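Chemist: Can you keep this structure in mind? I'll have questions shortly.
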Amino acid sequence: MTTLKSKLHDDLTAAIRGRDELRSSTLRLTLTAITKEEVSGKTARELSDDEVQKVIAREAKKRREAAEAFAEGGRAEQAAKEKAEGEILAEYLPKQLSDDELREIVAQAVAEAKAAGAEGPRAMGQVMKIVNPKVAGLAEGGRVAATVKQLLAG
């Protein structure tokens, strides 16, 4: 068992013992998603820590989107629950880049792409190819794309 997955199991056990309903249900759902990922495909396999982290990130994104949808629908209580679950999952993810840090990385990539001859909005693909490996797991794709568009346009 990978270290991150075993940490999730240990934290789930602690949450159950501490009668922390929100944390235990969130961790159960996440572990279920990890198990589902492990058995999908032709053969069952053990996920690496990076793959487990991707599953957790995907689950956290689902919680964020659900919280936004509930908030827009006027269901504040459900939105707060989804947001709290997202915060629990965020504890298991690497710290996200700040807007300034992300802007700095993207600015370097834009300069690199321009040096290679790419100009304007059509350079988006080339810049994303440079930026994505540097920010993988540290910034959400939508944030990265918005920053790239903003710097290419400006």
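If you count the sequence shown from 1, you need to add 131 to reach the working numbering. The C-beta atom is built at its ideal place from N, Cα and C for all residues, glycine as well. Quantities reported herein were computed from a predicted structural model and do not represent experimental measurements.
1. Give me, in chain order, the residues of the same chain whose beta-carbon lies closer than 8 Å to that of I236; leave out the 5 immediate sequence neighbours on both sides.
2. Between the Cα of L233 and the Cα atoms of L160, E271, H140 and R253, which residue gives the shortest distance?
3. If I measure Cβ to Cβ from I187 and keep anything under 7 Å in the same chain, skipping five residues before and after, which residues do I get?
4. Quick test of your reading: A146 and L158, contact by CB under 8 Å. State the CB separation rounded to the nearest angstrom.
5. Count the other CB atoms within 10 Å of the CB of G217; is the residue buried (16 or more) or exposed (fewer)?
6. With burial defined as no fewer than 16 other Cβ atoms inside 10 Å of the residue's Cβ, what is the status of S171: buried or exposed?
7. Our contact map puts Q257 next to A244 with C-beta atoms below 8 Å; I'd like the distance itself, whole angstroms only.
8. Given E190, which residues of its chain have a CB within under 8 Å of its CB, disregarding the five upstream and five downstream residues?
9. Would you grab the beta carbon distance between L282 and V241 for me? Rounded to a whole angstrom, and I think it's under 8 Å.
10. Nearest by alpha-carbon distance to D181: which of R194, L135 and A198 is it?
Modeler: Checking against the coordinates, here is how it stands:
1. What you label residue 236 is simply residue 105 of the sequence shown in a count that begins at 1. For I236, where only same-chain residues beyond five positions count, the Cβ hits under 8 Å are L228, V262, K265 and V266.
2. Mapped onto the sequence shown, residue 233 falls at position 102. Nearest Cα to L233 within the set L160, E271, H140 and R253: E271.
3. Numbered from its first residue, the sequence shown carries residue 187 at position 56. In its chain, beyond the 5 residues on either side, T161, L220, Y223 and L224 have a beta carbon closer than 7 Å to the beta carbon of I187.
4. Mapped onto the sequence shown, residue 146 falls at position 15. Mapped onto the sequence shown, residue 158 falls at position 27. Indeed, because the Cβ distance is near 6 Å, the residues count as touching under 8 Å.
5. Along the sequence shown, read from residue 1 onward, the residue named residue 217 stands at position 86. By the 10 Å Cβ count, G217 comes out buried.
6. Translated into the one-based positions of the sequence shown, residue 171 becomes position 40. It is exposed - the Cβ of S171 has fewer than 16 other Cβ atoms within 10 Å.
7. Working through the sequence shown from its first residue, we reach residue 257 at position 126. Working through the sequence shown from its first residue, we reach residue 244 at position 113. By a beta-carbon distance limit of 8 Å, Q257 contacts A244. Their separation comes to about 5 Å.
8. Sequence index remark: in the sequence shown, residue 190 carries index 59 (1-based). So the qualifying residues of the chain are L160, T161, A164 and L220.
9. Against the sequence shown, residue 282 aligns to sequence position 151. Against the sequence shown, residue 241 aligns to sequence position 110. Yes, they are in contact, since the Cβ atoms of L282 and V241 sit about 5 Å apart, within 8 Å.
10. The count along the sequence shown starts at 1 and reaches residue 181 at position 50. The closest CA to that of D181, considering only R194, L135 and A198, is found on L135.
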